[in-house]
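Notes follow once the structure below has been shown.
Right, here's the structure in full:
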């Protein structure tokens, strides 16, 4: 058994260290990862499951979680078979939303504009494959957001909605997430890198 202590490390560091640990198991079949927040649990779990590992997690205390990864079937990135799905009405682009306002100027106007922007996205013939939310943009995917229904509409159409876990944690709104999934900066960079185009309102 191998163990790494990622308490005190913000995402994507626990994911990066988990990847390195799995790649250097030297015959070990179990990896224990200790983290101190729920978003890190979700991010590490999603990464490991994406590499064909079985994952179990346990809450030890309010600030300690144990993730148990069974690595017998771990698939390194260079051995993965790429699966390409035809996106039908979706084009090869993503939208990255870094604020709960659009543009600079009056706050009320900026909030009105970002709401109008996300509504307009739902009416397009070609939809993004993903919409990413980070920094104060994280508020838009949470309870009481004026854009919640539009985002749920996009999700129902197959658009993937992701919110930065570090941002949710910083603003203390993780438990208010109401649409989509939690992600981390490692995955955000990877998604942007693979996208044909990134639109930032």
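Residue numbers (UniProt numbering): 1 to 201. Every residue gets a Cβ at the ideal spot worked out from N, C-alpha and C, and that includes glycine. This structure is a prediction, so every number in the text was calculated from the model and none was measured.
Discussion item. Which residue wins for smallest C-alpha separation from residue 14, given the options 1, 47, 62?
Written reply: 47
Item to complete: Let me know the secondary structure DSSP gives residue 129 once reduced to three states.
Response: coil
Item to complete: Measure the CB-CB distance between residue 181 and residue 134 and report whether it falls below 8 angstroms.
Response: no
Item to complete: Indicate the three-state DSSP secondary structure (helix, strand or coil) for residue 5 in the structure shown.
Response: strand
Worksheet item: Which of the three DSSP states, helix, strand or coil, is assigned to residue 55?
Response: strand
Practice prompt. Please report how far the alpha carbon of residue 152 lies from the alpha carbon of residue 41, in whole angstroms.
Written response: 24 angstroms
Worksheet item: Could you give the distance in angstroms between the alpha-carbon of residue 170 and the alpha-carbon of residue 27?
Response: 38 angstroms
Worksheet item: Between residue 69 and residue 33, which are expected to be in contact by the criterion C-beta below 8 angstroms, what is the C-beta distance as a whole number of angstroms?
Response: 7 angstroms
Item to complete: Pick helix, strand or coil for residue 38, following the three-state DSSP scheme.
Response: helix
Worksheet item: With 16 other CB atoms within 10 Å as the buried threshold, where does residue 185 fall?
Response: buried
Discussion item. Let's see if you can read the secondary structure: which residues bound the alpha helix (DSSP H) around residue 152?
Written reply: 148-156
Discussion item. Need the endpoints of the beta strand (DSSP E) that residue 167 sits in, please.
Written reply: Unbroken run through residue 167 is the alpha helix (DSSP H), 165-170; no beta strand (DSSP E).
Fill in: 4-residue-minimum alpha helix (DSSP H) runs that sit fully inside the segment 176-200, ordered along the chain
185-194
Worksheet entry | Close Cβ partners of residue 191 (< 7 angstroms) along its chain, the five nearest in sequence each way excluded | 94, 130, 132
Discussion item. Please state the DSSP three-state secondary structure of residue 114.
Written reply: helix
Practice prompt. Mind checking who residue 11 pairs with in its DSSP beta bridge?
Written response: None, per the DSSP bridge assignment.
Worksheet item: Buried or exposed: where does residue 8 fall if 16 or more other Cβ atoms within 10 Å of its Cβ makes it buried?
Response: exposed
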